[in-house]
Amino acid sequence: MDEEVKLLGAWASSFSYRVVWALKLKGIKYDYEEEDLVNKSEALLRNNPIHKKIPVLVHAGKPVAESMVILEYIEEVWPQTPLLPQDPHQRALARFWIKFGEDKSAEFFKLFQTVGEEQERATEEARELLKILEARALEGRKFFNGHKIGLTDIAFGWIACWLDVLEEAVGVKLLDADSLPKLQAWIENFREDPVIKENLPNRDKLLAYYNYRREMFIEAATSRID
Amino acid sequence: MGEVKLLGTRHSPYLHRVIWALKLKGIPYEFIEQDLDNKSPLLLQSNPVHKKIPVLIHGGNPIAESVIILEYIEEKWPQNPLLPSDPYEKAVARFWVKFADEKGLSISKVLQSSGEEQEKARKESLEMLEIIEEHAPGLGQKKFFGGDKIGMVDLTLGRLAHWMGVTEEVTGVKIMEAGKFPRLEAWMKNFKEDPVIKENLPEFKDTLAVMKRHRETLLASK
Chain A
276 MDEEVKLLGA WASSFSYRVV WALKLKGIKY DYEEEDLVNK SEALLRNNPI HKKIPVLVHA
336 GKPVAESMVI LEYIEEVWPQ TPLLPQDPHQ RALARFWIKF GEDKSAEFFK LFQTVGEEQE
396 RATEEARELL KILEARALEG RKFFNGHKIG LTDIAFGWIA CWLDVLEEAV GVKLLDADSL
456 PKLQAWIENF REDPVIKENL PNRDKLLAYY NYRREMFIEA ATSRID
Chain B
3 MGEVKLLGTR HSPYLHRVIW ALKLKGIPYE FIEQDLDNKS PLLLQSNPVH KKIPVLIHGG
63 NPIAESVIIL EYIEEKWPQN PLLPSDPYEK AVARFWVKFA DEKGLSISKV LQSSGEEQEK
123 ARKESLEMLE IIEEHAPGLG QKKFFGGDKI GMVDLTLGRL AHWMGVTEEV TGVKIMEAGK
183 FPRLEAWMKN FKEDPVIKEN LPEFKDTLAV MKRHRETLLA SK
């Protein structure tokens, strides 16, 4: 349990931050290695040969890939500050919402990477996801998990920081604070948590990066049309 | 502990993941067949977000999404475990469950599409098989992904043991060439011969008829 913990991550990735948050919330010491995703290291390719992606957690030399698989692993190996409920039915509900987010968040990538009709469709789907979260997932709780942050909150943490940067880079409004008050309140509560607050990417840097990537996608999309 | 109800449609691969888990653990349940063209109030109430099957209802509490149902069953009924007890081995198993669950969708897409779209789905399906053949731990050394006994990875990949063949026959598109995946082929044979699985698979010709109709309806509406 006390053996070396290493995280291979990337500063702009919300997936990488999920693991950072879980480790920090539980007070687990780890070494962080920033990966260059354009020039992937031998260590990354060796530790995640199938997807070649970050984050990867390496514990006592053994690699675990896929952020939510990593989080379930962390939860089991280090049970302090539990991030999942004890009751199996509540755990199933937590996992249900996590999967919902995983499955539907592809629409956010899509709207970032496309233009025109394809982008409009993805935008509608993305708005739908947020509406469903608002209507069904919070149920009057401070966090998705209850009165403390849990895995579901961590899984949706990208909404609390990356979403508005995405909105700005693309020039589209997805989360209207007036029509999604519960989600808006959740964002504020999440960002105010002392651990989360200390572990968020720099917004200006993130926006610059997103702007740069968005331009690349637009160029690729429009050159295909030509 | 409360009674167990299972909502599903007879030929769904996702439903069968849950049936197999319940049967392997010896859990009695009531199967309530669903008509997806005419969704029941019970289904809509139990899975309001997706309105899909399977749904497990235990002691009145509904759980949706087959992989999540499997995790719930594993926690509630620990006998005949479907996951390793070692946290690292468990993480490896969950990685492959996720992989099989997500990539397996390509096989559905082969059934549901034609032309370029179908060819893309076929290639993705093939890639999935290649990755499993080459990388899945234990494959070729043990009887199942789970070791000597069937586990969650085996259940999630169960689609290959029946529905992939149905898809190939309905569409005339070959996904898994004979002889090219010796480890996977050996696994498929072991899986299909397991007494619990064998007894809980629909008839090939029946699934064939259902999937054929399903494909025709889908393509006609495009």
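Residue numbers (the working numbering), protein chains in the order written: chain A, 276 to 501; chain B, 3 to 224.
Glycine included, C-beta positions come from ideal geometry on N, C-alpha and C.
Residue i vs residue j beta-carbon contact at 7 Å
i	j	result
asparagine 82(B)	leucine 26(B)	yes
leucine 319(A)	leucine 283(A)	yes
glutamate 310(A)	alanine 287(A)	no
proline 338(A)	valine 331(A)	yes
proline 357(A)	tyrosine 74(B)	no
alanine 412(A)	tryptophan 372(A)	yes
aspartate 64(B)	serine 48(B)	Inspection of the sequence shows that residue 64(B) is occupied by proline rather than by aspartate. Against a cut-off of 7 Å, the Cβ pair of serine 48(B) and proline 64(B) comes out as a contact.
serine 342(A)	phenylalanine 387(A)	no
valine 470(A)	lysine 299(A)	yes
leucine 58(B)	leucine 113(B)	no
glycine 28(B)	leucine 17(B)	no
arginine 217(B)	valine 168(B)	no
alanine 444(A)	arginine 489(A)	yes
tyrosine 348(A)	alanine 93(B)	yes
lysine 457(A)	glutamate 409(A)	yes
alanine 496(A)	valine 390(A)	yes
histidine 13(B)	valine 212(B)	yes
proline 50(B)	valine 20(B)	no
valine 440(A)	leucine 405(A)	no
methionine 154(B)	valine 99(B)	yes
Alpha-carbon spacing of residue i relative to residue j, whole angstroms
i	j	result
leucine 24(B)	glutamate 91(B)	22 Å
lysine 374(A)	valine 344(A)	12 Å
tryptophan 437(A)	leucine 426(A)	18 Å
leucine 294(A)	asparagine 474(A)	Checking the sequence shown, residue 294(A) turns out to be valine, not leucine. In a straight line, the C-alpha of valine 294(A) is about 11 Å away from that of asparagine 474(A).
glutamate 463(A)	alanine 435(A)	8 Å
tyrosine 292(A)	isoleucine 70(B)	24 Å
valine 6(B)	glycine 61(B)	7 Å
glycine 432(A)	leucine 368(A)	18 Å
proline 279(A)	lysine 304(A)	As written in the sequence, residue 279(A) is glutamate, which differs from the proline given in the question. Answer to the nearest angstrom: the Cα atoms are 8 Å apart.
arginine 366(A)	glutamate 170(B)	37 Å
leucine 162(B)	glycine 106(B)	9 Å
leucine 455(A)	methionine 190(B)	48 Å
arginine 396(A)	glutamine 459(A)	24 Å
lysine 423(A)	phenylalanine 465(A)	10 Å
phenylalanine 101(B)	leucine 157(B)	13 Å
phenylalanine 383(A)	glutamate 195(B)	43 Å
arginine 215(B)	isoleucine 407(A)	32 Å
leucine 210(B)	glutamate 317(A)	46 Å
lysine 328(A)	lysine 145(B)	30 Å
glutamate 136(B)	asparagine 40(B)	43 Å
lysine 480(A)	threonine 219(B)	50 Å
glutamate 467(A)	aspartate 103(B)	35 Å
tryptophan 353(A)	glutamine 361(A)	15 Å
Chain B within 7 Å of residue i, Cβ atoms only
i	result
phenylalanine 384(A)	no
phenylalanine 418(A)	no
proline 469(A)	no
tyrosine 348(A)	yes
proline 363(A)	yes
isoleucine 329(A)	no
phenylalanine 371(A)	yes
isoleucine 424(A)	no
glutamate 400(A)	no
valine 333(A)	no
isoleucine 325(A)	yes
Contact test: residue i Cβ vs the ligand COA heavy atom, cutoff 6 Å
i	result
phenylalanine 418(A)	What this structure holds is no ligand at all, so the ligand COA is not there to describe.
Short CB-CB distance (under 7 Å) between residue i and chain A
i	result
proline 15(B)	no
histidine 137(B)	yes
arginine 96(B)	yes
alanine 180(B)	no
lysine 78(B)	yes
glutamate 67(B)	yes
asparagine 63(B)	yes
lysine 100(B)	yes
isoleucine 133(B)	yes
tyrosine 31(B)	no
In chain order, each alpha helix (DSSP H) run of at least 4 residues that lies wholly inside the segment 289 to 331 of chain A: 289 to 300 and 317 to 322
contact_flag[the segment 82 to 94 of chain B, the segment 177 to 186 of chain B] where n(CB pairs < 8 Å) is 3 or more: no
Meets three-Cβ-pair contact criterion under 8 Å: the segment 180 to 188 of chain B and the segment 126 to 142 of chain B: yes
Every unbroken alpha helix (DSSP H) within the segment 113 to 140 of chain B, with a cutoff of 4 residues, ordered by chain: Within the segment 113 to 140 of chain B, the runs of alpha helix (DSSP H) that reach at least 4 residues and sit entirely inside it are, in chain order, 117 to 137.
Secondary structure, alpha helix (DSSP H): runs of 4+ residues fully inside the segment 335 to 409 of chain A: 342 to 352, 363 to 379, 381 to 388 and 391 to 407
Inside the segment 137 to 177 of chain B only - beta strand (DSSP E) runs reaching at least 3 residues: Listed in chain order, there is nothing to give.
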